[in-house]
Amino acid sequence: MTTKQLVITALFIALSFVGANIKIFGTIAFDSLPAFLAALVLGPALGAVIGLLGHLATALTSGFPLSLPIHLAVAIAMALTMYVFGWVHRVMAPRTTPMMNRLITGAVGTFMNGPVSLGISMLALGIIAGRDAAMGLLTMLPFLLIASIANIVLAFILHGSLAGVWENID
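Start counting the sequence shown at 258; every next residue gets the next number (the working numbering).
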């Protein structure tokens with residue numbers, strides 16, 4: 258990793274902390290926008306690191322309302338989401354048009370960040386607090402889907418708007 262990439266990664270992590278303070282509902286916030294953007298620009302692995310740290314920042318600024326173990330599970334799910342999102346984008350880029358790539362990658366990212374992440378959270382909460390508590394998390398699904406779409410659309414807009422900037426990161 259070059260010094261420039263390290264600085265850019267730190268900047269994305271800092272932006273995740275800022276986004277963590279822009280809440281949509283409960284702990285759902287704009288912390289994942291920098292992670293989605295980083296997955297597009299820096300690749301899946303760094304996007305995953307930024308996604309993990311971004312969620313922990315959001316949970317911290319909310320007082321870990323679902324408990325530290327649950328938020329650690331969510332952070333791991335966020336890392337997985339960003340990795341898959343970045344990987345799909347890279348794999349699809351040479352095979353499809355840019356618009357089709359955005360649609361496919363966006364759909365996968367929304368699915369991973371919504372139902373898949375929620376399922377991981379429900380599993381963790383079910384182990385700790387029981388089935389009824391875990392089922393209560395289902396009420397968050399509409400908010401997760403809306404937030405996921407908003408974060409992903411904004412990431413694609415920024416990625417396209419700053420296209421010339423990203424070329425100089427390597």
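All C-beta atoms in this analysis are idealised placements derived from N, C-alpha and C, irrespective of residue type, glycine included.
Per-residue burial, residue i [other beta carbons within 10 Å of its own, 16 or more giving buried]
| i | result |
| --- | --- |
| residue 380 | exposed |
| residue 382 | buried |
| residue 301 | buried |
| residue 323 | buried |
| residue 338 | buried |
| residue 327 | buried |
| residue 335 | buried |
| residue 391 | buried |
| residue 365 | buried |
| residue 437 | Residue numbering for the chain in the displayed model covers 258 to 427; residue 437 lies beyond these limits and cannot be assessed. |
| residue 414 | exposed |
| residue 384 | exposed |
| residue 352 | exposed |
| residue 304 | buried |
Between the CA atoms of residue j and residue i - distance to the nearest angstrom
| i | j | result |
| --- | --- | --- |
| residue 312 | residue 262 | 21 Å |
| residue 370 | residue 418 | 24 Å |
| residue 317 | residue 287 | 14 Å |
| residue 399 | residue 367 | 11 Å |
| residue 362 | residue 387 | 34 Å |
| residue 355 | residue 407 | 19 Å |
| residue 397 | residue 422 | 36 Å |
| residue 343 | residue 280 | 24 Å |
| residue 276 | residue 269 | 10 Å |
| residue 297 | residue 348 | 11 Å |
| residue 376 | residue 389 | 14 Å |
| residue 346 | residue 319 | 31 Å |
| residue 292 | residue 358 | 18 Å |
When the options are compared against residue i, the one with the closest alpha-carbon
| i | options | result |
| --- | --- | --- |
| residue 264 | 397, 287, 366 and 295 | 295 |
| residue 333 | 344, 310 and 416 | 310 |
| residue 329 | 343, 416 and 306 | 306 |
| residue 373 | 347, 360, 405 and 269 | 405 |
| residue 274 | 314, 293 and 292 | 314 |
| residue 283 | 325, 401, 409 and 410 | 401 |
| residue 394 | 271, 285, 268 and 270 | 285 |
| residue 271 | 341, 409, 259 and 289 | 289 |
| residue 340 | 331, 360, 321 and 308 | 308 |
Extent of the continuous alpha helix (DSSP H) to which residue i belongs
| i | result |
| --- | --- |
| residue 293 | 289 to 298 |
| residue 259 | Unbroken run through residue 259: none, as it is neither H nor E. |
| residue 400 | 398 to 418 |
| residue 320 | Here residue 320 belongs to no alpha helix (DSSP H), and DSSP marks it neither H nor E. |
Boundaries of the beta strand (DSSP E) in which residue i is found, first to last residue
| i | result |
| --- | --- |
| residue 198 | No answer is possible for residue 198: it lies beyond the span of the chain, which begins at 258 and ends at 427. |
The ligand GTP heavy atom lying under 7 Å from the CB of residue i
| i | result |
| --- | --- |
| residue 282 | In the structure on display, the ligand GTP does not appear, and there are no ligands present to speak of. |
*Scan the segment 336 to 388 and note each continuous alpha helix (DSSP H) run of 4 residues or more that stays entirely inside, going in chain order.*
355 to 368 and 374 to 386
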